[in-house]
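Quick note: the sequence shown uses my numbering, first residue 18, plus one each step.
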Amino acid sequence: MQPRKVRRRYLEKNRDVVKRMMKAHADAVYQLKHDKKKGMAVLQKRLLQKDTDVIQGTYDYYAPKFEFPPRVNREGAAATAKFVLDRVAGGKATMDIGMLLDESIVDELEKEGFFKSLAR
């Protein structure tokens, strides 16, 4: 659900910044999915909503949609790219979704054990 977007050039020049951002994002997603009370408190604050039924429903709907580790759903990304290409090029163009996605930082964090460390 939650792709993070930066230009490839920015990633090349600021890899450490993007990696820190991805770590912060992953930590937030982990907490959202594993600490319902905290997740609902954040929703209540950010949505300026006091109705606990609304907050409960919002949490129950959105929390499961976040991927952890935060990977892009390739099928969804490919469907979106196809939709855009069909509109722009009349269905006469194709695109390798790999041209759009770079999950090297997620791969790196996984290899380093970062995602597992959040569970400790």
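For each residue, glycine too, the CB sits at the ideal point set by N, CA and C.
In the same chain as residue 131, and ignoring 5 residues on each side of it, the C-beta atoms closer than 8 Å to its own belong to 40, 43, in chain order. Per the Cβ contact rule, the segment 48-67 is not in contact with the segment 108-116 (fewer than 3 Cβ pairs under 8 Å). Taking the C-beta atoms as reference points, residue 137 is found no nearer than 9 Å to residue 118. Distance from residue 35 to residue 122 at the Cβ level is roughly 6 Å; contact confirmed, criterion being Cβ atoms closer than 8 Å. Rounded to whole angstroms, residue 87 and residue 30 show a C-alpha spacing of 22 Å. Taking C-beta atoms as the reference points, residue 53 and residue 76 count as a pair closer than 9 Å. The criterion of a C-beta distance shorter than 9 Å is satisfied by residue 50 and residue 80.
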